[in-house]
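The numbers in our numbering rise by one with no breaks, and the one at position 231 of the sequence shown is 701. Where a beta carbon is used, it is the ideal one built from N, C-alpha and C, also for glycine. The structure under discussion appears below in the form of structure tokens.
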Amino acid sequence: MKKIGWGFIGAGGIAERFMRGLVQVPDAYLAAVTSRTYERAKNFADKYGAKVYKTAEELIADENVDIIYVATPNNIHKENTLIAIEMGKPVLCEKPMAPNAQMVREMVNAAREKKVYLMEAMWTRFFPAMEKVREWLNDGRIGKVQFVIADFGFYESNPEDIRLNLETAGGSLLDVGIYPLALTCMVFGKKPNRITGLADMAPSGVDAAMGCTLGFEGGGLALLCSALNVNTPQEAVIVGEKGRIVIPEFFRPKEANLYLDGKLEEHFRKEHEGEGYQFEIAAVQEDIRNGRLENELMPLDESIAIAEVMDELRRQWGLVYPFEK
Numbered sequence: 471m472k473k474i475g476w477g478f479i480g481a482g483g484i485a486e487r488f489m490r491g492l493v494q495v496p497d498a499y500l501a502a503v504t505s506r507t508y509e510r511a512k513n514f515a516d517k518y519g520a521k522v523y524k525t526a527e528e529l530i531a532d533e534n535v536d537i538i539y540v541a542t543p544n545n546i547h548k549e550n551t552l553i554a555i556e557m558g559k560p561v562l563c564e565k566p567m568a569p570n571a572q573m574v575r576e577m578v579n580a581a582r583e584k585k586v587y588l589m590e591a592m593w594t595r596f597f598p599a600m601e602k603v604r605e606w607l608n609d610g611r612i613g614k615v616q617f618v619i620a621d622f623g624f625y626e627s628n629p630e631d632i633r634l635n636l637e638t639a640g641g642s643l644l645d646v647g648i649y650p651l652a653l654t655c656m657v658f659g660k661k662p663n664r665i666t667g668l669a670d671m672a673p674s675g676v677d678a679a680m681g682c683t684l685g686f687e688g689g690g691l692a693l694l695c696s697a698l699n700v701n702t703p704q705e706a707v708i709v710g711e712k713g714r715i716v717i718p719e720f721f722r723p724k725e726a727n728l729y730l731d732g733k734l735e736e737h738f739r740k741e742h743e744g745e746g747y748q749f750e751i752a753a754v755q756e757d758i759r760n761g762r763l764e765n766e767l768m769p770l771d772e773s774i775a776i777a778e779v780m781d782e783l784r785r786q787w788g789l790v791y792p793f794e795k
């Protein structure tokens with residue numbers, strides 16, 4: 471089987487973590503790298519035996535690059551992705567796909583018009599533990615879901631970190647709040663019709679922490695929070711009429727627990743090498759090999775819906791990024 475060559479646009483921390491997953495996939499390899507900083511891209515490429523390019527266009531044009539991984543700051547995801555789509559290369563774009571729903575729609579529309587593969591890199595969906603969670607839900611093990619309670623927060627000590635940068639579309643919601651939000655949309659299978667939220671703002675102008683309540687047509691609520699100023703349990707609890715599912719470290723889960731009548735009914739645990747990006751990578755490669763244009767576990771319409779919810783939350787807080795004015 472021919473190996474699939476990946477081209478990285480971006481060579482920062484997330485690209486390094488993603489690369490640790492890529493080396494776990496036998497039929498994948500890093501073909502080329504580019505970055506806003508050439509020296510950084512060259513060091514990354516040299517480390518993994520890949521080519522280095524000065525521009526995204528040069529990288530995308532490389533015939534050995536089969537798929538593009540966009541790992542740049544949030545504010546330029548759309549720019550990088552649209553170049554790749556225009557040149558006919560499949561794209562896996564880091565989350566959030568873009569800072570707002572209008573940008574996401576532009577990316578999705580371009581991919582559909584050009585018939586080019588596109589997916590938002592919501593890697594959480596592809597872990598074996600999350601597959602087990604979906605199985606429990608689909609089998610009705612906990613009955614009708616009434617609540618999702620989930621949090622993702624960690625302490626970012628550097629006030630100059632890109633996650634807290636207003637210019638690059640930082641903030642806890644877009645950086646880590648998207649995880650509990652995406653989980654909730656997966657569980658309920660639809661976009662919420664009631665959205666309320668509050669945020670504490672960082673000196674930089676982005677949300678340092680946020681909390682929100684979501685309501686769904688037909689019943690069901692979600693209580694979600696995210697933070698860049700405090701460490702939280704990083705746990706998700708899905709509560710149904712007959713029981714609950716508890717997922718420790720749900721954004722990269724190794725385990726999940728099913729409780730019925732207050733007692734542990736089933737425990738699932740699956741160890742893996744590294745952080746677990748290999749599951750997402752393998753899924754994307756399977757899509758590409760089978761000629762699919764989007765992934766069934768992370769469909770493009772859901773990326774749009776998630777962005778719309780984040781837009782509404784930011785509207786309530788008055789958080790507008792400079793490039794949106």
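Option nearest residue i by Cα separation, candidates the options
i	options	result
residue 564	763, 747, 792 and 766	747
residue 738	600, 795, 645 and 581	600
residue 636	472, 479, 666 and 788	788
residue 606	677, 679, 526 and 717	717
residue 782	661, 515 and 532	661
residue 645	569, 682, 710 and 702	569
residue 725	691, 736 and 740	740
residue 484	541, 506 and 505	541
residue 592	530, 518 and 647	647
residue 488	778, 765 and 749	749
residue 682	675, 695 and 670	695
residue 679	715, 709, 735 and 641	641
residue 655	675, 594 and 736	594
residue 744	510, 582 and 490	490
Burial state of residue i (16 or more Cβ within 10 Å)
i	result
residue 548	buried
residue 784	buried
residue 417	Residue 417 falls outside the range modelled here, since the chain spans only 471 to 795, and no answer is possible.
residue 720	buried
residue 659	exposed
residue 629	exposed
residue 790	exposed
residue 731	exposed
residue 723	buried
residue 686	buried
residue 677	buried
residue 793	exposed
residue 780	buried
residue 772	buried
residue 701	exposed
Rounded distance between the beta-carbons of residue j and residue i, thought under 8 Å
i	j	result
residue 619	residue 495	At roughly 33 Å, the Cβ-Cβ gap does not stay under 8 Å, so residue 619 and residue 495 are not in contact.
residue 623	residue 502	Not quite, the Cβ-Cβ distance comes to about 35 Å (not below 8 Å), so this is no contact.
residue 704	residue 631	In fact, because the Cβ distance is near 18 Å, the residues do not count as touching under 8 Å.
residue 479	residue 538	6 Å
residue 596	residue 492	Not confirmed; about 14 Å, so no contact.
residue 763	residue 578	So it is not a contact: roughly 11 Å between Cβ atoms.
residue 590	residue 557	Actually they are not in contact, since the Cβ atoms of residue 590 and residue 557 sit about 20 Å apart, beyond 8 Å.
residue 651	residue 751	About 23 Å; that fails the 8 Å criterion.
residue 519	residue 611	About 46 Å; that fails the 8 Å criterion.
residue 477	residue 532	7 Å
residue 684	residue 672	About 23 Å separates the two Cβ atoms, so there is no contact after all.
residue 774	residue 603	Going by Cβ atoms, the distance from residue 774 to residue 603 rounds to 23 Å, so no, they are not a contact pair.
Cutoff 7 Å; reference residue i; Cβ partners in own chain excluding five residues on either side
i	result
residue 638	543, 544, 545 and 632
residue 475	499, 501, 534, 535 and 536
residue 580	552 and 555
residue 453	The question about residue 453 has no answer, for the chain in this structure spans 471 to 795.
Sequence-distant residues of its chain with Cβ nearer than 8 Å to residue i (five each side left out)
i	result
residue 883	Past the edges of the chain, shown from 471 to 795, lies residue 883, and the structure says nothing about it.
residue 508	522 and 524
residue 626	633, 634, 698 and 699
residue 689	614 and 616
The ligand GDP heavy atom lying under 7 Å from the CB of residue i
i	result
residue 661	Because no ligand of any kind appears in the structure shown, any question about the ligand GDP cannot be addressed here.
Residues of its chain near residue i, where Cβ-Cβ distance is below 6 Å and the 5 sequence neighbours each way are ignored
i	result
residue 786	667
residue 473	497 and 499
residue 711	613 and 614
residue 559	530 and 538
How about the stretch 580-589 and the stretch 607-617: do they share at least three Cβ pairs that are nearer than 8 Å? With the rule of 3 Cβ pairs closer than 8 Å, the stretch 580-589 does not count as touching the stretch 607-617.
Quick test of the definition: if touching needs 3 or more C-beta pairs under 8 Å, does the stretch 572-583 touch the stretch 750-758? Contact between the stretch 572-583 and the stretch 750-758 is absent, with fewer than three C-beta pairs closer than 8 Å.
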